[in-house]
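Residue 87 in my numbering sits at position 85 of the sequence shown; the count goes up by one each step and never skips. Backbone N, C-alpha and C fix where the C-beta goes; we use that ideal spot for every residue, glycine too. Since the structure is predicted, the reported quantities are computational estimates derived from the model, not experimental observations. As structure tokens, the structure follows; a few thoughts come after it.
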Amino acid sequence: MLHMKTGAEQHYFALLDQLENVTPDCLDDDRYVADRGQITADDKTEMAAICEACPLVKACTTYASSAQPPAGWWPGHNLIKRRKEAA
């Protein structure tokens, strides 16, 4: 039986493929995995700018939108906060 990947899995593997050729500036930046209370307004602005300049921003955004990760800043935004605001 053929296993079909979910949309989130497809987007994850597409992001992984692109990561083979690009090292994003967010890599090893602990702010992207920090708790919300540890991120300052200046951090948020800088993180968003890093993401906007990244060649992976489209793939990262697509993956994060479909996977809805429970934590972290994807891409440069707190997705949990965005989900609560959209509700």
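Nearest neighbour of P72 by Cα position, chosen from L29, A61 and D37, turns out to be D37. In this chain, L29 is not harboured by any alpha helix (DSSP H), its DSSP state being neither H nor E. Residue environment: L58 is assigned as buried (16 or more neighbouring CB atoms within 10 Å of its CB, all protein chains considered). At a Cβ-Cβ threshold of 8 Å, W76 and M49 do not count as neighbours. As DSSP reads the structure, N80 sits in a beta bridge with W75. The continuous alpha helix (DSSP H) containing E11 extends over residues G9 to L21. By the CB criterion at 8 Å, Q20 and A61 fall inside the cutoff.
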